[in-house]
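Scroll down for the structure; my scribbles are underneath it.
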Amino acid sequence: MQTQADVRHDWTEAEIQALFDLPFNDLLFRAQTVHRQHFDPNEVQVSTLLSIKTGACPEDCKYCPQSAHYDTGLEKQRLMEVEAVLAKAKQAKAAGSTRFCMGAAWKHPTDRDMPYVLEMVKGVKELGLETCMTLGMLKEHQADQLAEAGLDYYNHNLDTSPEFYDKIITTRTYQDRLDTLGHVRDAGMKICSGGILGMGETANDRIGLLKQLANLPQQPESVPINMLVKVEGTPLENVEDLDPLEFVRNIAVARILMPKSHVRLSAGREQMSDEMQAMTFFAGANSIFYGECLLTTPNPETNRDLQLFKRLGINVEQRIEQTDAEQEEAITRNLQARKDDALFYDAVN
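If you read the sequence shown in the working numbering, its first letter stands for residue 16, the second for the next number, and so on.
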């Protein structure tokens, strides 16, 4: 059984390349073995994502329909009222979500916006949901305010490798993103950080992204792996599709590198077959976004997700109010109880 001390932060590119070079079946077997050491293999954490402020973003991210730099026909919307956000959160909880994520198309929030954002956090917490926000870059005092309001997670993706980054975004630096993650950690919040695959990056760039995430001083608790959704009007609308099996390989390698993190299937699920999604769950993905829309792009409808879960025998992970040590002990007990199960095989021993 791995412990927190066994989680590595010194992965090399050569080691990660060696994982990608494994035969597909061997890679998935290894990823599934790691996954079973830390999670129930038949549970998936479910989140709902709501855009609380849409469009007119000053950033020039080449994949994003919300950027003011591109004409994608997206209707701009001002910051939602707090009560409207809480109504959406209630609907999400009723549909089975355990975490409610709120995203605003900002380069960074202004101090004028913060009181409204903080009230949203407090209100969603009172509903008994975990809270997550993505608001762009944060200053130290803003991270402290969000933590004090009770925000559980802050999402800030690295998007891609440091080497490919300036081919996708020029309005903020890679270090800007790392600095925001540092402010979030210093404030005591959990991190949700991942990237986007299929933007025209090389295999080395995908290795570089996973290396950056795995070698952070503390690995993200949640790692969203997005498949690019090509939107007309953005510079990436005609980029070549990524091989679905390559996407699954990235899920498996992410699971091995970050064994205690939730690896989330995020944007791009609308384009995935049920069979491909099932394969990603076997590769170690254990979190999804629920609902019909991810910010501004399509997502499989809730009923379709529930039907797939039923076919696969997957349950929705319930929110756990336990310390890491208590969770570790519970997992150990669960593994011991399953030693005689004919379906369980400890590949480590």
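No residue lacks a Cβ here, since even glycine has one placed at the ideal position from N, Cα and C.
- The beta-carbon separation of I240 and R279, rounded to 7 Å, stays under the 8 Å limit for a contact.
- V238 and R127 have their C-alpha atoms roughly 30 Å apart.
- Annotation: K105 to F115 spans about 9 Å, alpha carbon to alpha carbon.
- In this chain, the beta strand (DSSP E) harbouring V238 covers 237–242.
- By the 16-neighbour rule on beta-carbons within 10 angstroms, G138 is buried.
- Excluding its 5 nearest sequence neighbours in each direction, Y131 has C-beta neighbours in its own chain below 7 Å: L94, V97, listed in chain order.
- T188 is not a Cβ neighbour of P80, given a cutoff of 8 Å.
- Note on geometry: alpha-carbon atoms of F54 and L212 lie some 25 Å from one another.
- For the set K103, H156, G215, G143, the Cα lying nearest the Cα of T125 is the one of H156.
- Using a Cβ distance threshold of 8 Å, I266 and R284 do not count as a contacting pair.
- Taking the C-beta atoms as reference points, K68 is found nearer than 8 Å to W121.
- In this structure, K77 places its C-beta atom within 8 Å of the C-beta atom of L251.
- Straight-line spacing of the CA atoms in A202 and I329 works out to 34 Å.
- By the CB criterion at 8 Å, Y169 and C207 fall inside the cutoff.
- Secondary structure at I211: strand, using DSSP grouped into helix, strand and coil.
- Counting of Cβ neighbours within 10 angstroms places P38 among the exposed residues, the total staying below 16.
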